[in-house]
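These notes concern the structure reproduced below.
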Amino acid sequence: MLHLLLFAALAPAPPPSAPGAPPPDPDRFYPPAREHLLLAPATVGDGPLKFTPGKGLEVKSKDGRYALSLSLRTGFLYSGRRQAGAAYDHAFEIRRLRLVLSGNVFSKSIKYFVQLAVAPRELNFVDGVARSGPLLDNYVVFDRLRDANLRIGLYRVMYTRERNIADINPLLIDRSLANAEFNVDRDIGLDVRSEDLGGLGKLRYYAGVFMGDGRDQNRFSDPGLMYTARVDFLPFGLFDDYEASDQARLRKPRLSLGFAYAFNDRARNNRGVLGSPPLDGGTTNYHNLTTDMMFKWAGFSLEAAFLWRQGRRNPGHAVDDMGAPLPVEAARNGHGWMAQAAFLIPRTGLEPALRTSGIRGLSVTSMPDRNELGGGLNYYFAGHNLKLQLDYFRTWDRGAADRAGDLVRLQLQVAL
């Protein structure tokens with residue numbers, strides 16, 4: 511029913527000859543004409559304002575030195591789950607509610623980006639109290655030098671590819687099990703980067719230093735930092751390899767291979783930036799490695815990743831109620847993987863997708879062995895800016911498939 515209502519809301523489609531329509535193209539992989547029209551920018555009155563789906567309302571000075579975009583996106587999510595030993599339960603929630611301000615100031619080479627998240631889940635409400643602040647991103651980029659852009663502020667650390675695919679663009683409703691365990695999320699710091707090293711159209715790099723405490727941190731702490739480096743090699747040329755779906759339906763095959771390393775010195779949480787403090791109150795020195803790939807061609811997309819983490823505990827001095835020292839909690843040592851594929855059916859907005867993922871503990875570890883398998887269907891009415899997603903996943907601990915959990919979700923996403 512929801513699918514039919516959305517179709518009705520978008521009809522009738524403008525004729526192919528309308529302004530902004532794509533030219534006639536015999537290629538059967540060309541996106542539907544209606545989608546192209548819905549995504550086209552629209553002027554606002556006779557002034558300098560312009561509205562672009564996904565980017566929102568944009569205004570800029572005549573010389574281009576100043577610009578501001580204001581956008582909003584939200585998602586409505588229904589979830590039903592059945593966990594081992596528990597009755598079926600469900601939830602209907604506002605999954606995301608984001609306000610984004612971006613643009614440039616003083617120069618086209620000084621850019622800024624601010625993102626606020628105000629949905630209840632994003633504010634981490636517990637017993638009616640918000641445990642997280644609304645600020646997700648707040649950074650400035652100096653990109654005058656092609657081979658050495660400087661970014662400084664709070665943002666997603668360039669470590670895993672999957673985590674750096676924007677929240678509006680994941681292939682399925684949420685990211686993988688392996689990503690949840692191994693990603694280093696957001697942190698405050700700086701990095702030097704190039705999106706096209708040497709102008710060759712084949713290389714990107716990122717090298718950064720961060721506080722290592724994640725978002726919402728405003729206190730003094732020990733001098734332990736997080737150091738990161740990432741390289742992307744694109745042998746067939748640049749493309750949008752940080753979007754999970756092949757929305758462009760690329761006419762030629764494109765491949766991106768990524769390699770990254772992160773060292774978190776004296777991490778306060780059991781997963782580094784994320785997780786919770788170890789019970790003994792100490793810290794952990796974590797080495798993180800990942801390699802990943804993205805392949806796209808004619809509506810088909812394939813993404814895969816391998817992740818590894820090894821830590822050394824620095825025991826704390828926490829004691830129990832009797833004054834006895836608490837046992838030292840083991841580091842979450844282990845590896846994980848994910849692979850997912852999808853195909854955007856020609857001349858339609860329908861895309862089936864599949865994913866498998868898993869994590870395995872190594873040596874002395876507090877990380878469990880767990881698996882994930884599932885898939886879903888996406889329907890893009892206007893790209894990621896208006897889409898309906900349905901997915902199903904089963905998760906289970908290794909060797910305990912009889913205690914599996916099942917999750918089915920339906921989400922409508924709208925970006926203005």
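Everything in the sequence shown is counted per the numbering used here, starting at 511 for the first residue and increasing by one. For every residue, glycine included, the Cβ atom is placed at its ideal position computed from N, Cα and C.
- According to the DSSP assignment, Asn693 belongs to no alpha helix (DSSP H), since it is labelled neither H nor E.
- Contact annotation: Ile604 and Ala629 have beta-carbon atoms nearer than 8 Å.
- Buried is the label assigned to Lys806, since at least 16 other Cβ atoms lie within 10 Å of its Cβ.
- The DSSP-derived three-state label of Glu813 is strand.
- If the five residues before and after Val615 are omitted, its C-beta is found closer than 7 Å to the C-beta atoms of Tyr576, Tyr622, all from its own chain and listed in chain order.
- Counting C-beta pairs closer than 8 Å gives fewer than three between the stretch 796 to 810 and the stretch 826 to 838, which falls short of the contact rule.
- If you draw a straight line from the Cα of Gly871 to the Cα of Ala688, it is about 12 Å long.
- Exclusion of the five residues before and after Leu789 leaves Leu836, Glu839 as the residues of its chain whose Cβ lies within less than 6 Å of its Cβ.
- With contacts defined by Cβ atoms closer than 8 Å, Gln899 and Ile683 form a contacting pair.
- Using a C-beta cut-off of 8 Å, the stretch 584 to 597 makes contact with the stretch 915 to 926, since at least three inter-stretch Cβ pairs fall below that distance.
- The alpha-carbon of Ala658 is positioned some 12 Å away from that of Leu700.
- Sixteen is the threshold: since fewer than 16 other Cβ atoms of the shown chains lie within 10 Å of the Cβ of Leu860, the residue is exposed.
- In the structure shown, Asp901 falls within a strand segment according to DSSP collapsed to helix, strand and coil.
- The beta strand (DSSP E) runs of length 3 or more contained entirely in the stretch 562 to 609 are, from start to end of the chain, 566 to 570, 577 to 592.
- Here Glu672 is not bridged, per DSSP, to any residue.
- Glu861 sits in a strand when the DSSP states are folded into three classes.
- By the neighbour-count definition (other C-beta atoms within 10 Å, threshold 16), Val636 is an exposed residue.
- If you draw a straight line from the Cα of Leu607 to the Cα of Ala676, it comes to about 14 Å.
- Pairing Leu817 with Phe692 gives a Cβ-Cβ distance under 8 Å.
- In this structure Leu784 is in contact with Asp695, their Cβ atoms being roughly 5 Å apart against a cut-off of 8 Å.
- A Cβ-Cβ contact shorter than 8 Å links Leu854 with Ser755.
- The C-beta distance from Ala892 to Leu681 rounds to 17 Å, too long to fall under 8 Å, and the pair is not in contact.
- Secondary structure of Leu789 (DSSP, three-state): coil.
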